[in-house]
Amino acid sequence: MILTSENYYSQKASENYFSVSQYKDFMKCEAMAVANIRGEYQQPMTKALLVGSFVDSYFEGTLPEFMRENPELFTRKKELRSEFRKANEIIGRVKTDPLFMQFMSGEKQKILVFEMFGALWKMKMDSYLEGVCIADLKVVANFKNLPLWRYDLQGAVYQAGVEAQTGERLPFYLAVATKERVTDLDIFQIPQSTLDAALDEIAEQMGHYIMVKQGIVEPEYCGQCDYCKSVKAATIRNYNELLLER
Ligand SMILES: [Zn+2]
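Mapping to my numbering: the sequence shown position 65 is 68, numbers consecutive.
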């Protein structure tokens, strides 16, 4: 299967390839990840994800098409919703910063496929500066929660993908802008030791995830996520156990 921007997010692509987001799905809940791959469950597109795609498409130069394809960006009065007006403001702010724009000046939405840990992987880079670095754009609520999103996993996979393709190990950066009242912006480098640890973690899990994806091993149900709730059967429970969970 040849991946293009049209079929990159297709069900067939997620059957054929692992990706960072699919890997993270497996971390969250194996049953949800498998249902997602089989097209039986789709995570809802949140406003936060849509804001991210809005800003990505600006830098890719495809914002007009993106706005045409996503009528939910607009109110019934055909005005841009406040989240996306904020996104425009953030774009305007980062455009004034030469360092930020230097990191965003690479090849946009570059797709790579490669083999790693016994599986095929797909990846799509926000800004690829060949021979220099890989940069990924993040629009987030604030800086302090940034590490909670485990971007080290993304950096580790992207770095490995570029290395598989070119033989060069490039540094991985996050170009981050915040949705705060006044936008903050900086470039964060994920240290090599952190990327190495993340790749080791992935190496350890992949054997199991591959078997679950192939249906050789039954997926584990987390019991907490939206997918698990949607397929569960009711049970009789002790009322008092809820007090202990608090
Ligand atoms: Zn679950």
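Ideal placement from N, C-alpha and C gives every residue a C-beta, glycine not left out.
Bear in mind the structure is a predicted one, so any value in this text is a computation, not a measurement.
Collapsed DSSP secondary structure at residue i in the structure displayed
i: Ser13; result: coil
i: Met126; result: strand
i: Glu110; result: strand
i: Val215; result: helix
i: Met35; result: helix
i: Tyr131; result: strand
i: Glu248; result: helix
i: Cys228; result: coil
i: Thr197; result: helix
i: Phe146; result: coil
i: Tyr237; result: Position check: residue 237 holds Ala in this sequence, whereas Tyr was assumed. Correct three-state label for Ala237: coil.
i: Tyr176; result: strand
Same chain, Cβ closer than 6 Å to residue i, five either side skipped, listed in chain order
i: Ile193; result: Asp155, Gly158 and Phe175
i: Thr197; result: Asp155
Residues near residue i in its chain [Cβ-Cβ closer than 7 Å; skip 5 each side]
i: Glu18; result: Ile40
Cβ neighbours of residue i in the same chain (closer than 8 Å, five flanking residues each side left out)
i: His211; result: Val220
i: Asp189; result: Phe146 and Val179
Any non-hydrogen atom of ligand 1 closer than 8 Å to residue i Cβ
i: Met35; result: yes
i: Tyr230; result: yes
i: Lys216; result: no
i: Tyr224; result: yes
i: Cys32; result: yes
i: Gln105; result: no
i: Gln227; result: yes
Nearest-angstrom beta carbon gap, residue j and residue i [assumed within contact, 8 Å]
i: Met30; j: Tyr44; result: Not confirmed; about 16 Å, so no contact.
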